[in-house]
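**Student:** Using the UniProt record's numbering, you'd call the opening residue of the sequence shown number 1 and step up by one each time.
Don't be surprised by glycine CBs; every beta carbon is placed ideally from N, CA and C.
Computed from a predicted model, the values in this text were never measured in an experiment.
Here it is, the structure, as structure tokens.
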Amino acid sequence: MSFPQKVKSALRAIVDTMACNTARFVKNPGKDFTRGRKLGFVQLIHFFLSMGSGCISHELLKYFYFLPEDVPSASAFIQQRAKLLPETFCHILRQFNLRFPSKGLMGRYSLIAADGCEFNIARNPQDPSTFHPTSGRSERGFNSLHTISLYDLLSKRYLDVVIQPGRLKNESAALCQLIDRYIYGGCPIFAADRGFASYNVFAHALEKGSFFAIRAKDINIKRFPAVSSLSDTMDQWAEVVLTRSKARRKRLHPELDPLYRCICKAVPFDFITDSCPEYRMQLRVLRFQTAEGVFENLITNLPSDELSLEQIKHIYHLRWGLETSFRGLKHTIGTANFHSKSLEYIEFEILCRMTLYNFCTIITIEVPIKKEAGKWEYQVNLSMAIKICFAFLSDHTGPEM
1 MSFPQKVKSA
11 LRAIVDTMAC
21 NTARFVKNPG
31 KDFTRGRKLG
41 FVQLIHFFLS
51 MGSGCISHEL
61 LKYFYFLPED
71 VPSASAFIQQ
81 RAKLLPETFC
91 HILRQFNLRF
101 PSKGLMGRYS
111 LIAADGCEFN
121 IARNPQDPST
131 FHPTSGRSER
141 GFNSLHTISL
151 YDLLSKRYLD
161 VVIQPGRLKN
171 ESAALCQLID
181 RYIYGGCPIF
191 AADRGFASYN
201 VFAHALEKGS
211 FFAIRAKDIN
221 IKRFPAVSSL
231 SDTMDQWAEV
241 VLTRSKARRK
251 RLHPELDPLY
261 RCICKAVPFD
271 FITDSCPEYR
281 MQLRVLRFQT
291 AEGVFENLIT
301 NLPSDELSLE
311 QIKHIYHLRW
321 GLETSFRGLK
331 HTIGTANFHS
341 KSLEYIEFEI
351 LCRMTLYNFC
361 TIITIEVPIK
371 KEAGKWEYQV
381 NLSMAIKICF
391 AFLSDHTGPE
401 M
């Protein structure tokens, strides 16, 4: 069996295993998917995973090879879809990733990028959680969803996602949630942009035993007691003690008075409670020049004796691989073309498209590249590879594919 066939079989085996215990994935256990239909549980999941950007009726025709007697109606699909829970597609995404473990950096670290992405959805001015009123971007206003994803930079696949209404997005809270439920083991390094720099995110990673490298503004760096001034190059550890109270007499470690930082009650921090009024953490502060007169700051907890400033710069630079992947996910895969106005069913489609994206990258990353004597190294045409893998998963290819 070829490697692509193994990947395809692994994905279908996950769906077959789920079909043996549908109670976890349906809204009415013991009732849903108990009768024989053209779109049973397995067929419905397979159709979801291979569905393109066309209308539902056309996608059903393609999936069932344009055989009129076999094609269910769009209404039948909508009724079957309504029986599924969102956990169905979260489970598929995670289990599929676990079947193909990623290779780590230095044999130890997993490089995980986190970032947000906007998806426009059907216009609905009556939904204040997603509707953006008239602005310079749109004369009539628009609705959107915001996703915060975890993306493995070495294996080039999506690991997890939190989906939020566009007007209620909270990227820091989403990253905390993603860190807490990370299941892939190893030593992950969560790399993220400035919008994710917060004490709460740092604490969630520390409590999980994970690492992070998050870009920060100058003003964030200056707040650390150990940072007296911003030099062109910096690599030093800074300790901070967080508390909700400004009263010095209540401090448990008065000898560390200069290290205390008060967090107001409006700022989320999940590890200060009545029984634990203080939280102490050590952070590594990095600063380096990226261009003439342009400097970047990183806050991390990576050990100094294992990863130098230059190595961490390289790790953070790799984070841009997630930005590139968004283009493939939204446009090449077709995630931006939804088949529903319901936020629940849009979530289904986003999770399915991420699984499909992973299916394509797991296969294409194993494609041998012929090395030429020229200056540039050739790469697989990802757009064309995705189209081929898409057809392969849908069984719309010849026997030699």
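1) Which whole-angstrom value describes the C-beta separation of residue 424 and F271, a residue pair presumed to lie in contact below a C-beta threshold of 8 Å?
2) Taking buried to mean at least 16 other C-beta atoms within 10 Å of its own C-beta, is Q80 buried or exposed?
3) Nearest by alpha-carbon distance to R280: which of R123, L105, M1, R251 is it?
4) For D152, report the span of its alpha helix (DSSP H) as first-last.
5) Might you give, ordered along the chain, the residues of its own chain that have their beta carbon closer than 6 Å to the beta carbon of F64, omitting 5 neighbours on each side?
6) Alpha carbons only, please: which of F295, S149, P125, E59 is nearest the one belonging to L93?
7) Taking 8 Å as the limit between beta carbons, can you name the residues of its chain near Q95, skipping five residues before and five after?
8) In the DSSP output, what is N297 paired with across the bridge?
9) Could you compute how far the alpha carbon of A203 sits from the alpha carbon of L283?
10) Starting from E69 and walking both ways along the beta strand (DSSP E), at which residues does that stretch end?
11) Three or more C-beta pairs under 8 Å: does that hold for the region 81-90 against the region 114-132?
12) Assign A114 to buried or exposed, taking buried as 16 or more other Cβ atoms, counted over all protein chains shown, within 10 Å of its Cβ.
13) What do you get for H317, buried or exposed, if any count of 16 or more other CB atoms within 10 angstroms of its CB means buried?
14) At which residues does the beta strand (DSSP E) containing L256 begin and terminate?
15) Which of the three DSSP states is assigned to E59 in this structure?
16) Tell me whether the region 205-215 and the region 168-182 touch, counting them as touching only if at least three CB pairs, one residue from each stretch, are closer than 8 Å.
17) Would P258 be called buried (16 or more neighbouring beta carbons within 10 Å of its own) or exposed?
18) How should I214 be labelled, buried or exposed, when 16 other C-beta atoms within 10 angstroms of its C-beta is the threshold for buried?
19) For the alpha helix (DSSP H) containing Q177, list its first residue and its last residue.
20) Which residue or residues does DSSP assign as beta-bridge partners of P4?
21) Between the C-alpha atoms of N120 and L168, what's the straight-line distance to the nearest angstrom?
22) Near P225, which residues of its chain fall below 6 Å by C-beta distance, leaving aside the five closest residues on each side in sequence?
**Tutor:** Taking the geometry as given:
1) Lying before the first or after the last residue shown, residue 424 is absent from the chain, which here runs from 1 to 401.
2) The residue in question, Q80, is buried, as its Cβ has 16 or more Cβ neighbours within 10 Å.
3) Checking every option, the nearest Cα to that of R280 belongs to R251.
4) Where D152 is concerned, there is no enclosing alpha helix (DSSP H), although the beta strand (DSSP E) around it starts and stops at 142-152.
5) D70, V71.
6) Per the C-alpha coordinates, the member of F295, S149, P125, E59 positioned closest to L93 is S149.
7) Once the five neighbours on either side are set aside, the close Cβ partners of Q95 are I14.
8) A216, R287, per the DSSP bridge assignment.
9) Each residue's alpha carbon lies about 10 Å from the other.
10) Where E69 is concerned, there is no enclosing beta strand (DSSP E), because DSSP gives it neither an H nor an E.
11) Contact fails: fewer than three Cβ-Cβ distances are below 8 Å.
12) Burial state of A114 is buried, judged by a 10 Å Cβ sphere holding 16 or more other Cβ atoms.
13) Its Cβ having fewer than 16 others within 10 Å, H317 is exposed.
14) Where L256 is concerned, there is no enclosing beta strand (DSSP E), given that its DSSP letter is neither H nor E.
15) Secondary structure of E59 (DSSP, three-state): helix.
16) Output reads yes: the region 168-182 touches the region 205-215.
17) Answer is exposed; the Cβ neighbour count stays below 16.
18) With 16 or more other Cβ atoms inside 10 Å of its own Cβ, I214 counts as buried.
19) Residues 171-180.
20) As computed with DSSP, P4 is found in no beta bridge at all.
21) Roughly 15 Å separates the two Cα atoms.
22) Excluding residues within five positions, the ones whose Cβ falls inside 6 Å are P258, L259.
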